[in-house]
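Asks:
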Amino acid sequence: MLARAVTYALVGLEARRVEVEAHLPGGLPGFTIVGLADRACQEAKERVRSGTRSAEQQWPRGRVVVNLAPAGLRKEGSGFDLAIALALLAASRQLPPDRLARHAALGELALDGRIRPVRGALAAAEAAGRAGLTQFLCARESAREVALAGVQPVPLRHLAEAVAYLRGEGDPPAGALEEADVALWEEPFFPDLADVRGQERARRALELAAVGRHNLLLAGPPGTGKTMLARRLPGILIPLGERDILEVTRIHSVAGLLSHEHPLVTAPPFRAPHHSASTAALVGGGPGPRPGEVSLAHRGVLLLDELPEFQRPALEALRQPIEDGLVSIARAGGQATFPAAFQLVATMNLCPCGARGDPAAECFCSPQRLAAFRDKLSRALLDRFDLVVTVPRPRAHELAAGSSESSEPVRQRVAVARAHLLTGRLERVPEAGELLDRAVDRLPLSGRGRRRAARVARSAAALAGSEQVLPEHVAEALAYRSPRELAPL
Amino acid sequence: MAAFAAETGVHLVAEPRSGRFAAFARRFDAAGYDAALERRGLRFLPRSAPGFPPLLAAIHDPPVGLFLRGSSCLGLLGRPAVAIVGARACSPYGAQVARDCGRELAAAGLVILSGLARGVDGHAHRGALEAGGATVAVLGCGIDRDYPASHRDLAAQIAQSGLVVSEYAPGVEPAPWRFPARNRIIAGLAAVTVVVEAREASGALITADLALEEGREVFAVPGEITSSLSTGTNALLRLGATPLTSPRDVLESLGIEPPVPIQLSLGEAAQAVLERLRDAPASADVLARATGLDAGAAAAALLELELAGLASEAEGVYRGAT
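From first to last, the protein sequence lines are chains A and B.
Be aware that the first sequence starts at 33, since it is given in our numbering, and climbs by one per residue.
Be aware that the second sequence starts at 1213, since it is given in our numbering, and climbs by one per residue.
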């Protein structure tokens, strides 16, 4: 009396096939799960026992042994419940075992037999598709993710539905996808640039950042609109391409951030972790590594508000993902690589008390305190911001003025310029190169600073619709270099 | 005698008759002492030596000698020098004035003197180094110490092209009372002292007082009357110090012909921005609005001015060069 069901375990972003083998050897009643199952997985016993009874099925007599193969892979979480229950029922011949073997199953059981969604359904469905399994038993809420992977979902509300479906009784629940109640391509709401009065220079930098996907640092006294500006960047970015949508959705699925109402990530994600975030929260981690904020912001924007308030180790850990666009995490429980091609936007004050840069206030920070504040940011990290803008305090008449340009026309300009940037050659004319050399001699500009300025100049040229990078574009790019006063004293 | 005083920290006017001095004099090997310093890249210049700067020797309480770091010749200390001193926690305005003064006066051939401290001192030294001019840092601690530690690189640069000097022997710790004593050397070496920014009762004012006592010229940079960083300098002005309106004032008082400024060809936009910037410091946005340029063009124009040395930016505010 043996039966098998197929399910998937997450290792990083990847789903590994797990075969759930159920054996009923007879003997004294008991229930054993073997195969490196963690606590949540061991607790499946109680859920499966109750769930099976609630589905009005017979609990097998005698001993029940469930093996999760490969036995060497650590299994975490509650996603194995459904497969365990189905394998048991097949082993006790309450289901046809051969039909079960053609399906993959993923889901958590409630005590009353309902099926709950689990994280990572998209990755699991993709793996199932690659292995040639075309039918995927899952919670109703996960059906959309599964369909996205090109696998036929069998959306289930209750274990009894699964049993009926596998027995071939009644209507297959495949039609349960109700397109109407889900705004699949709904435009996410981003605040509009029209809310920001004045600050033309910072707005211009934001536009350049959107064109070239540059990292942007906004510095200045409190209350000048730094955070407001930063939050408006996603609204002027171009929407994700189809491949990006799948990639980003997979990460968000693994992190368990998708809901039935928003099963797809279609707009560039925007993440703004609080400054108390740990290194693991930012770059990812945990015993079975999970994606961190940098990966959740993949193809989108990571906003670090009040940059110097973050812990220094957490900030330094950002350097690898910024440079490589991915983050590799090694843990005793396994190694994982998460994509992390995000655009970093950060804000900061110019000193701990915040008065610096504000003509109406006087800064009383001691040199030691100021040095400690600036020490938080290494040169190496500051060097990774292509654009640094010091945001001055707006004047009263700017605040009183009417609204400024809204996000929509800016986004259209960005879309045109971005296409131009990606397709055009945009070579530097010799004079522009000379200007760059002159700037390296005269201004505090590192080699990396020079490269960054050259990159930003390309974006400026693209935004101007120019075929070449002219001196004026280089000059503008150099104006956004990181200023001397942000460096450690 | 000078070596004894420097090594023991005793204040001496004439040769003491103590047994301690007698023992020191018996054991003292002048050539060996110099060689030991030499090995560490240091020199000692006693007051009695012919190269001792006459201006410093003329003050009422000159040091018994000076320790020197750096390979420049002693003639550097005899050249006309201007001291630029001021607050450690200076404003962007003070930093810019100190730097511009350091740069322009060094370019005109003057030696820039200061105390290697943070803030105004450091900016004055850096300005002089930028101009490729000579600068001398006077320490308030042992000659081998770098204080503050964050200015270690700056001290090394100064030693390379100029001199670091101190009246204290190697190893002497910095102590609060040594800095006012150091200030008398700064004031003594300088023909002219410029105070850039100073709060009330600050070290820079001590330097100014000492300079006035010796009858040297003192300039003070006028500041905003609402800023506590300007109270010291404005008080000096009230007492009759000469206001510094441009680094040229210093050159004029010393009878030095200022170098002819190079006429730069600026773009039309840059000209317009410079015109506006001469009225008052302003942020890039304000300048753009005043000149009717868009944000990108204004940024390019401002960079042109920065490269030409006609403007500088700090904390989001651009200022025209002095």
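For glycine and all other residues, C-beta sits at the position ideal for the given N, C-alpha and C.
What you are looking at is a predicted structure, and each value in this text was computed from that prediction instead of being measured.
Under the DSSP definition of a beta bridge, which residues are partnered with H135 of chain A?
Replies: Answer by DSSP bridge pairing, in chain order: A:Q167.
Asks: Could you check what DSSP says for L290 of chain A in three-state terms: helix, strand or coil?
Replies: Of the three classes helix, strand and coil, the one that applies to L290 of chain A here is coil, per DSSP.
Asks: Give a yes or no on whether 8 Å exceeds the smallest Cβ distance from A1500 of chain B to chain A.
Replies: Closer than 8 Å to some Cβ of chain A, the Cβ of A1500 of chain B qualifies, so yes.
Asks: Residues in the same chain with beta-carbon distance under 7 Å from D390 of chain A, minus the five sequence neighbours each way, listed in chain order, please.
Replies: Within the same chain, D390 of chain A has close Cβ partners P253 and R425.
Asks: Bridge partners for S1326 of chain B per DSSP, in chain order?
Replies: Answer by DSSP bridge pairing, in chain order: B:A1349.
Asks: In whole angstroms, what is the alpha-carbon distance linking A1343 of chain B and L458 of chain A?
Replies: Their Cα atoms are separated by approximately 36 Å.
Asks: Have a look at the DSSP bridge pairing and note the partners of N99 of chain A.
Replies: Beta-bridge pairing links N99 of chain A to A:E53 and A:V66.
Asks: Indicate whether at least one CB of chain A lies closer than 8 Å to the CB of D1497 of chain B.
Replies: Closer than 8 Å to some Cβ of chain A, the Cβ of D1497 of chain B qualifies, so yes.
Asks: So with Cβ pairs under 8 Å, would you call G1321 of chain B a contact of chain A?
Replies: No, no contact with chain A.
Asks: Assign I283 of chain A to buried or exposed, taking buried as 16 or more other Cβ atoms, counted over all protein chains shown, within 10 Å of its Cβ.
Replies: So I283 of chain A counts as buried.
Asks: Is F302 of chain A helix, strand or coil when you go by DSSP?
Replies: In the structure shown, F302 of chain A sits in a strand (DSSP, three-state: E or B).
Asks: Anything in chain A within Cβ reach of G1508 of chain B, meaning under 7 Å, just list it in chain order.
Replies: What G1508 of chain B touches in chain A: R236, A492 and E508.
Asks: How far does the alpha helix (DSSP H) with M260 of chain A in it reach, from first residue to last?
Replies: K258 to R263 is the span of the alpha helix (DSSP H), which, as asked, contains M260 of chain A.
Asks: Which partner residues does I361 of chain A have in the DSSP bridge list?
Replies: Answer is A:A368.
Asks: Tell me which residues of the segment 417 to 432 of chain A have at least one Cβ-Cβ distance to chain B shorter than 7 Å, keeping chain order.
Replies: Residues passing the 7 Å Cβ filter: T422, V423 and P424.
Asks: Would you say A1201 of chain B lies against chain A (beta-carbon separation less than 8 Å)?
Replies: An answer regarding residue 1201 of chain B cannot be provided, because it is not within the stretch 1213 to 1534 covered by chain B.
Asks: Let me see if you follow: with CB-CB separation under 8 Å, is S1373 of chain B close to chain A or not?
Replies: No, no contact with chain A.
Asks: Does DSSP classify G1334 of chain B as helix, strand or coil?
Replies: Here G1334 of chain B sits in helix by DSSP.
Asks: Kindly indicate which three-state DSSP category L1397 of chain B falls into: helix, strand or coil?
Replies: First, the residue type needs correcting, since residue 1397 of chain B is Ile and not Leu in the sequence shown. Helix, per DSSP.
Asks: Based on Cα-Cα distance, which residue from A:R134, A:P187 and A:Q74 lies nearest to P147 of chain A?
Replies: One point to set straight first is that residue 147 of chain A is Ile, not Pro, in the sequence displayed. It is A:P187 whose Cα lies nearest to the Cα of I147 of chain A.
Asks: Give the C-beta separation of V1297 of chain B and V1332 of chain B to the nearest angstrom, bearing in mind that I take them to be a contact with Cβ-Cβ under 8 Å.
Replies: About 6 Å separates the two Cβ atoms, so the contact holds.
Asks: Just to make sure I have the definition right: I need the residues of chain B whose C-beta is within less than 8 Å of the C-beta of A403 of chain A. Which are they?
Replies: The answer, in chain order, is S1362.
Asks: Residues in the segment 458 to 490 of chain A with C-beta within 9 Å of chain B's C-beta atoms, listed in sequence order?
Replies: So the close ones are L467, R470, A471, R474 and L475.
Asks: Using the beta-carbon count (16 or more within 10 Å), is I1418 of chain B buried or exposed?
Replies: The residue is buried, with at least 16 neighbouring Cβ atoms inside 10 Å.
Asks: Hey, A242 of chain A and V446 of chain A are a contact pair by Cβ (cut 8 Å); roughly how many whole angstroms apart?
Replies: That belief holds up - the Cβ atoms of A242 of chain A and V446 of chain A are roughly 4 Å apart, short of 8 Å.
Asks: Do we get a CB-CB distance below 8 Å when we pair P515 of chain A with the residues of chain B?
Replies: It does; some Cβ of chain B falls within 8 Å.
Asks: For Y197 of chain A, tell me which candidate among A:R131, A:L249 and A:C385 has the shortest Cα-Cα distance.
Replies: Here the closest residue by C-alpha is A:R131.
Asks: Compute the Euclidean distance between the alpha carbons of G58 of chain A and V98 of chain A, then round it to the nearest angstrom.
Replies: Taking the straight line joining both Cα atoms gives about 13 Å.
Asks: Given this structure, state the Cα-to-Cα distance separating G1334 of chain B from Q1369 of chain B, to the nearest angstrom.
Replies: When rounded, the distance between both Cα atoms is 12 Å.
Asks: Could you pull out every unbroken alpha helix (DSSP H) segment of at least 4 residues lying fully inside the segment 389 to 450 of chain A, listed in chain order?
Replies: Fully enclosed alpha helix (DSSP H) runs of 4 or longer: 399 to 407, 411 to 414 and 428 to 432.
Asks: Residues of chain B with CB closer than 8 Å to the CB of E525 of chain A, please, in chain order.
Replies: Only positions 33 to 521 of chain A appear in the structure, and residue 525 of chain A is not among them; the question remains open.
Asks: Against L1514 of chain B, what residues of chain A qualify as contacts under a CB-to-CB distance less than 8 Å, listed in chain order?
Replies: The answer, in chain order, is A511.
Asks: Look up A208 of chain A in the DSSP assignment and say whether it is helix, strand or coil.
Replies: For A208 of chain A, the pLDDT reaches just 47, beneath the cut-off of 50, and the residue's location in the model is therefore unreliable, leaving the point undetermined.
Asks: By DSSP's criteria, E512 of chain A is part of a beta bridge. Which residues make up the other side?
Replies: Correcting the residue identity first, residue 512 of chain A is Tyr in this sequence and not Glu. Answer is none; Y512 of chain A lacks a bridge partner.
Asks: Tell me which residues share the same chain as L453 of chain A and place their Cβ nearer than 8 Å to its Cβ, disregarding the 5 neighbours each side in the sequence.
Replies: Within the same chain, L453 of chain A has close Cβ partners V243, G244, R490, S491 and A494.
Asks: Looking only at its own chain, which residues have a Cβ that is under 7 Å from the Cβ of G1479 of chain B, when we skip the five neighbours before and after it?
Replies: Around G1479 of chain B: A1513 and E1516.
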